[in-house]
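**Student:**
Take a look at the structure:
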């Protein structure tokens, strides 16, 4: 019994020391947006907006819009209307917190 426990511990240590990437919902090791949309999307067409801040997964801030037709598109965070949208969402989230 002790040998199985020791072997299990050694096996887990080896796996962890190799730098296994974390698994789980939302984990991605690269940018999700390959093509950016800069045209204004009407508010009635937006169902959701997801803001992914830059980090180890991507060096750019990504803004992903879910549309009422089920499609998801990447918005260009450098355009004025998307920057205003980001500020609006951040203010709304700050008021809720």
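Numbering (mature numbering (1 follows the signal peptide of the UniProt record, and there is no 0)), first residue to last: -19 to -1, 1 to 78.
For each residue, glycine too, the CB sits at the ideal point set by N, CA and C.
Whole angstroms are fine: how far does the CA of residue 13 sit from the CA of residue 40?
**Tutor:** 11 Å
**Student:** Since residue 53 sits in a beta bridge, which residues does DSSP pair it with?
**Tutor:** 47
**Student:** Would you kindly work out how many angstroms separate the C-alpha atoms of residue 78 and residue 71, rounded to a whole number?
**Tutor:** Spanning the two alpha carbons is a distance of roughly 11 Å.
**Student:** If you run the structure through DSSP and keep just helix, strand and coil, what is residue 94?
**Tutor:** Limits of the chain in this structure are -19 at one end and 78 at the other, which puts residue 94 out of reach.
**Student:** When the Cα of residue 33 is compared with those of 19, 48 and 11, which residue comes out closest?
**Tutor:** 11
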